[in-house]
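Sequential numbering of the sequence shown, starting at 77, is according to the numbering used here.
Below is one structure, written out as structure tokens; the observations come after it.
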Amino acid sequence: MIDSRTSFLRNLDWTTVFIYLLLVIMGWINIYAAVYNDQHKSIFEISQRYGSQMLWILAAFVLVFVIFMIDLKFYTFFAYPIYGLSLLLLILVLVMGREINGARAWLFIGKFSIQPAEFAKVATALAIAKYLSAYNIKVTSLRALLSVGLIIFLPMVLIILQPDAGSLLVFFSFSIMLFREGLPGGVLIFGFVLAVLFFVSLVVLKVYIIAAIVLIGYLAFVLYTRNYKETLIGFSLTVALFFLFWGIMKVSHKTNDFYFIIAASFFLSGLVFLVITFFRKIRHVAAFVLFLFSAIFFAYSVEYMYHHILHEHQRDRMDILLGLKQDPLGMGYNVNQSMIAIGSGGFAGKGFLQGTQTKYNFVPEQSTDFIFCTVGEEWGFMGTAVVVGLFMFLLIRVIFISERQRSTFSRVYGYSVASILFFHFAINVGMTIGVLPVIGIPLPFFSYGGSSLWSFTILLFVLIRLDASRMELLK
77 MIDSRTSFLR NLDWTTVFIY LLLVIMGWIN IYAAVYNDQH KSIFEISQRY GSQMLWILAA
137 FVLVFVIFMI DLKFYTFFAY PIYGLSLLLL ILVLVMGREI NGARAWLFIG KFSIQPAEFA
197 KVATALAIAK YLSAYNIKVT SLRALLSVGL IIFLPMVLII LQPDAGSLLV FFSFSIMLFR
257 EGLPGGVLIF GFVLAVLFFV SLVVLKVYII AAIVLIGYLA FVLYTRNYKE TLIGFSLTVA
317 LFFLFWGIMK VSHKTNDFYF IIAASFFLSG LVFLVITFFR KIRHVAAFVL FLFSAIFFAY
377 SVEYMYHHIL HEHQRDRMDI LLGLKQDPLG MGYNVNQSMI AIGSGGFAGK GFLQGTQTKY
437 NFVPEQSTDF IFCTVGEEWG FMGTAVVVGL FMFLLIRVIF ISERQRSTFS RVYGYSVASI
497 LFFHFAINVG MTIGVLPVIG IPLPFFSYGG SSLWSFTILL FVLIRLDASR MELLK
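Here it is in structure tokens:
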């Protein structure tokens, strides 16, 4: 058996380590370009953001050393305590945290600050890996799904209370890992449908959405079961009840409430349809009806979530993306300037420290959420292609590492790492180029910030540590 304390360096995945170093150094250089100050030209100037980032990078290297020195069994044995500690920090930030940009998400110790939500991703990945690696646990069972859902849900609730919509959405990325572990494809499709419904519900009247959901439900049912007679009965019941309710309200001279008419007609016809199919012993009907009810309930709840979870500036940015609002000098300013900066870079870019959008601070948050536009302006298409290529190579490498693991714990954790990195990368680049709403999440290893860099470093190097000792037996 390999001694993990002395011999794991021989099996270390140096390719992944090298990609990490490249991304971190490139991020540091681009932070320097994004906030360059003529009065402080040295990239090592501690009083500037690029100097602070250097210190955080050095601290990240120390974290890597500590991760390598910790015994391999630590990550499995203490997965739940680490998860519990992360929940405690999320509770603590609600009580003692400082509010910045409308979110109480930061804990301050003197001048030092941390964002617990960043580290909660690592803790949640470890806890899920620990649970799914237990004996006789199958992700396809209802008990396992509920347990994993609870592990993911608890930090999400605490993050909602901050509120921090960006960090909250990242936790949905764990569904990718669950799909790899055997989660039925229908669940993933259901999640995709809910995501589409969220955006559609913001721009289309609910009466049309509900009608479309019912029609799609009947169509899916008939295609799946080939029970044309029962489908026709169910559809006829829905239509008949709709006209019945409409006629009653018309005769009583009450205002036509189409929301109520459609909801009531679908609900009653759904119950009758369930009874008919139950006696006829037709399979999968309950699942279809549950799917439709869930979709309709979600469509109605979007408005509440939109106004109570998202910040006003996030709602404004989403309205602009969906074409509901035009505000090029207000909330749409960031994205417009970011796209101008990336477009102005052309094929080869304007050159290092030559970006006018960057130099004259036209893009707010350019060293954090919008760091990618600095790459586009100064290094052009070639530079952005290199950065995107490195991230894709890293993701492929992480998946490759995950697949060669001998333990369920390491494989599940590895796919959690890949899921989180992919979500951050895709959303950050998407919002920078204007195809996704601005929700405020960092670009891994690139964006300015200690909590972000440290959490991603821990996330990645715990996997590298597990992989280096993969020949050892893990539960």
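Using N, Cα and C, we set each Cβ at its ideal position, and we do this for glycine too.
(request) Under 6 Å Cβ to Cβ from Leu317, same chain only, skipping five residues before and after it: list those, please. (result) Result list for Leu317: Ser341, Leu344, Ser345, in chain order.
(message) Considering only their Cβ atoms, is the gap separating Ala110 from Gln413 smaller than 8 Å?
(response) Contact: no.
(message) When you compare the CB positions of Tyr159 and Ala199, do they come within less than 8 Å of one another, or not?
(response) Against a cut-off of 8 Å, the Cβ pair of Ala199 and Tyr159 comes out as a contact.
(request) Using the Cα positions of Ala544 and Lys197, report the straight-line distance between them to the nearest angstrom. (result) Taking the straight line joining both Cα atoms gives about 22 Å.
(request) Can you have a look at Gln115 and say buried or exposed, based on whether 16 or more other CB atoms are within 10 angstroms of its CB? (result) Here Gln115 is exposed. Its C-beta has fewer than 16 other C-beta atoms within 10 Å.
(request) Return the first residue and the last residue of the alpha helix (DSSP H) that Glu479 is part of. (result) Its alpha helix (DSSP H) spans residues 447–479.
(request) Indicate the three-state DSSP secondary structure (helix, strand or coil) for Glu121 in the structure shown. (result) Coil at Glu121, not helix or strand.
(request) State buried or exposed for Thr508, treating a residue as buried only when at least 16 other CB atoms are found within 10 Å of its CB. (result) Buried, since its Cβ has 16 or more Cβ neighbours within 10 Å.
(request) Could you tell me the boundaries of the beta strand (DSSP E) in which Arg256 lies? (result) That residue, Arg256, is in no beta strand (DSSP E); its alpha helix (DSSP H) goes 250–256.
(message) For a quick check, are the C-beta atoms of Ile517 and Gly242 less than 8 Å apart?
(response) Cβ distance < 8 Å, so Ile517 and Gly242 count as in contact.
(message) Taking 8 Å as the limit between beta carbons, can you name the residues of its chain near Ile228, skipping five residues before and five after?
(response) These residues qualify, in order along the chain: Thr200, Ile204, Phe247, Phe250.
(request) Kindly indicate which residue of Leu168, Ile105, Ala210 has the alpha-carbon position closest to the one of Ala155. (result) That would be Ala210, whose Cα lies nearest to the Cα of Ala155.
(request) State the CB to CB distance for the pair Leu163 and Pro260, rounded to an integer number of angstroms; the pair is presumed to be in contact (CB under 8 Å). (result) So it is not a contact: roughly 29 Å between Cβ atoms.
(message) Please return the same chain residues whose Cβ sits closer than 6 Å to the Cβ of Gly459, not counting the five positions on each side in sequence.
(response) Correct list, in chain order: Gly425, Val451.
(message) Quick check: Leu529 and Val493, are their CB atoms within less than 8 Å of each other?
(response) Between Leu529 and Val493, the CB-CB gap reaches or exceeds 8 Å.
(request) Give the C-beta separation of Ile286 and Val276 to the nearest angstrom, bearing in mind that I take them to be a contact with Cβ-Cβ under 8 Å. (result) The C-beta distance from Ile286 to Val276 rounds to 11 Å, too long to meet the 8 Å contact threshold.
(message) At the level of alpha carbons, what is the spacing between Gly465 and Val514?
(response) Approximately 23 Å between the Cα atoms of the pair.
(request) Quick one: give me the first and last residue of the alpha helix (DSSP H) that Ile146 is part of. (result) Ile146 -> no alpha helix (DSSP H), and no H or E assigned at all.
(message) So if DSSP puts Phe184 in a beta bridge, which residue, or which two residues, is it bridged to?
(response) Phe184 pairs with Ser189.
(request) Report yes if the C-beta distance between Gly510 and Val411 is below 8 Å; otherwise report no. (result) Yes; because the gap between Cβ atoms is below 8 Å, this pair is in contact.
(message) Given a cut-off of 8 Å on the beta-carbon distance, is the pair Ile133 and Trp104 in contact?
(response) A contact, by the Cβ cut-off of 8 Å.
(request) Excluding the 5 residues preceding and the 5 following Phe499 in the sequence, name in chain order all residues of the same chain whose CB lies nearer than 7 Å to its CB. (result) So the list reads Val246, Ser249, once near-sequence residues are dropped.
(message) Quick check on the burial criterion: 16 or more other C-beta atoms within 10 angstroms. Buried or exposed for Val100?
(response) That one is buried.
(message) I need the boundaries of the beta strand (DSSP E) containing Ile176, first residue and last residue.
(response) For Ile176, the enclosing beta strand (DSSP E) covers residues 174–176.
(message) In the DSSP output, what is His116 paired with across the bridge?
(response) In the DSSP output, where bridge partners are listed per residue, His116 has Asn113.
(request) Just the C-alpha distance for Ile167 and Pro239, rounded to the nearest angstrom, thanks. (result) C-alpha separation (whole angstroms): 12 Å.
(message) Here's a check: name, in chain order, each residue in its chain whose Cβ is nearer than 7 Å to the Cβ of Leu98, leaving out the five neighbours to either side.
(response) Leu466, listed in sequence order.
(message) Less than 8 Å between the beta carbons of Ile146 and Gln129, yes or no?
(response) No, the pair does not count as a contact, with Cβ atoms beyond the cut-off.
(request) Go through its chain and collect everything with a Cβ distance to Ser495's Cβ below 7 Å, but skip five positions before and after it. (result) So the list reads Ser249, Phe250, Ile252, Met253, once near-sequence residues are dropped.
(request) Return helix, strand or coil for Gln442, following the three-state DSSP convention. (result) Residue state, collapsed to three classes: coil.
(message) Which residue wins for smallest C-alpha separation from Glu194, given the options Val538, Ile534, Leu542?
(response) Nearest of Val538, Ile534, Leu542 to Glu194, Cα basis: Ile534.
(message) As a quick exercise: from Leu497, Ile185, Tyr382, Ile503, pick the residue whose alpha carbon is nearest that of Ile472.
(response) The shortest C-alpha separation from Ile472 is found at Leu497.
(request) State the DSSP-derived secondary structure class of Asp240, mapped to helix, strand or coil. (result) Asp240: coil per DSSP, three-state reduction.
(request) Tell me, to the nearest whole angstrom, how far the beta carbon of Val538 is from that of Ile143; I am working on the premise that it is less than 8 Å. (result) Going by Cβ atoms, the distance from Val538 to Ile143 rounds to 6 Å, so yes, they are a contact pair.
(message) Rounding to the nearest angstrom, what Cα-Cα distance links Leu549 and Phe255 in this structure?
(response) Here the model assigns Leu549 a pLDDT of 49, short of 50, so the residue's position is not dependable and the matter cannot be decided.
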